[in-house]
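Enquirer: What follows is a single structure, and I will ask about it in a moment.
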Amino acid sequence: MPRDFKGRLLTATSISLGIFLTLLVALFFVNQDLKSQALAIKTAKSDLKTRVQQLNDLVRLREEAKLAEPDLAKLESAVPARDDLFSVRRDIEGLAGRNNLAVSFSFGNENPKTEALGSINFELRLQGGDFGVRSFISQIESGYPFVKITALDMVRQENDFIATVKGQILFSE
14 MPRDFKGRLL TATSISLGIF LTLLVALFFV NQDLKSQALA IKTAKSDLKT RVQQLNDLVR
74 LREEAKLAEP DLAKLESAVP ARDDLFSVRR DIEGLAGRNN LAVSFSFGNE NPKTEALGSI
134 NFELRLQGGD FGVRSFISQI ESGYPFVKIT ALDMVRQEND FIATVKGQIL FSE
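Taken in order, the sequence shown gives residues 14 to 186; the numbers are from this note's numbering.
Here it is, written out as structure tokens:
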């Protein structure tokens, strides 16, 4: 089967071109697969980096929570329980008496609970000297962090002042 040179050359070229095209198509598919794998690796790496950062934040927050526990206990003990509100009333009335003020104290309605603390409105009517009223208000604000004064109305009546103090007392359940 002698073939002529042209036929053999054409056959060899065709086979070579077929192999080249097959390799080119295979290389294209391998390239696409590599790109998709690289994108998946980048995404996984980014997710891993985010998770490591979140884990570090969680560890830091847990350490800070352990450090804050004693202070949290102090804060919780500073706020009276609901059952202790009457002793707060007596303390405030006693403070008014030490400032030479006549006092009338009344609780108002209870407010909706915010987070772990409840609050109850109160109203104080004070009668006495200007210095006594100002000293009393200052002592309430500095000595009772769980008492929030929302309104103060002072009226002068001859030598005395009559003050109406409204506010809220925070309490724990």
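For each residue, glycine too, the CB sits at the ideal point set by N, CA and C.
Nothing here was measured: the structure is a model prediction, and the numbers come from that model.
1. Is there a Cβ from chain D that is less than 8 Å from the Cβ of Thr177?
2. For a quick check, are the C-beta atoms of Leu61 and Phe184 less than 8 Å apart?
3. If you count every other CB in all the chains shown that lies within 10 Å of the CB of Phe33, and 16 or more means buried, which is it?
4. Looking only at its chain, what residues have a beta carbon closer than 6 Å to the beta carbon of Lys30, apart from the 5 residues adjacent to it on each side?
5. What residue does the alpha helix (DSSP H) around Arg95 start on, and which one ends it?
6. Closest to Arg138 by C-alpha separation, out of Ser49, Glu82, Arg102, would be which residue?
7. For Phe174 and Leu68, what's the separation of their Cα atoms in angstroms?
8. I think Phe159 touches Leu108, with their Cβ atoms under 8 Å apart; what is that distance to the nearest whole Å?
9. In this structure, does DSSP put Glu82 in helix, strand or coil?
10. Please classify Ala129: does DSSP put it in a helix, a strand, or coil?
11. Taking the Cβ atom as the reference point for each residue, do Asp120 and Ile105 lie within a distance shorter than 8 Å?
12. Note the first and the last residue of the continuous beta strand (DSSP E) segment covering Asp173.
Expert: Quick look at the numbers:
1. The structure shown contains no chain D; it is built from a single protein chain.
2. Taking the first residue of the sequence shown as 1, we reach residue 61 at position 48. Taking the first residue of the sequence shown as 1, we reach residue 184 at position 171. Against a cut-off of 8 Å, the Cβ pair of Phe184 and Leu61 comes out as no contact.
3. Here residue 33 is taken as the residue at index 20 of the sequence shown, counted from 1. Per the 10 Å Cβ criterion, exposed.
4. Residue numbering aside, residue 30 sits at position 17 when the sequence shown is read from its first letter. The sequence shown places Leu at residue 30, not Lys. Taken in chain order, the list of residues that qualify is empty.
5. Sequence index remark: in the sequence shown, residue 95 carries index 82 (1-based). No alpha helix (DSSP H) contains Arg95, which DSSP labels as neither H nor E.
6. Taking the first residue of the sequence shown as position 1, residue 138 is located at position 125. Measuring C-alpha to C-alpha distances from Arg138 to each of Ser49, Glu82, Arg102 identifies Arg102 as the nearest.
7. To locate residue 174, count along the sequence shown from 1; it is residue 161. To locate residue 68, count along the sequence shown from 1; it is residue 55. Computed Cα separation, rounded: 60 Å.
8. Here residue 159 corresponds to residue number 146 of the sequence shown, with the count starting at 1. Here residue 108 corresponds to residue number 95 of the sequence shown, with the count starting at 1. Beta-carbon to beta-carbon, Phe159 and Leu108 are separated by about 14 Å, too far to satisfy the 8 Å threshold.
9. Against the sequence shown, residue 82 aligns to sequence position 69. Glu82 falls in the helix class under three-state DSSP.
10. Your numbering for residue 129 matches position 116 in the sequence shown. Reduced to three states, the DSSP call for Ala129 is coil.
11. Position 107 of the sequence shown, counted from the first residue, corresponds to residue 120. Position 92 of the sequence shown, counted from the first residue, corresponds to residue 105. What sits at residue 120 in the sequence shown is Phe, not Asp. No; because the gap between Cβ atoms is not below 8 Å, this pair is not in contact.
12. Indexing the sequence shown from 1 puts residue 173 at position 160. Element bounds for Asp173: 173 to 185.
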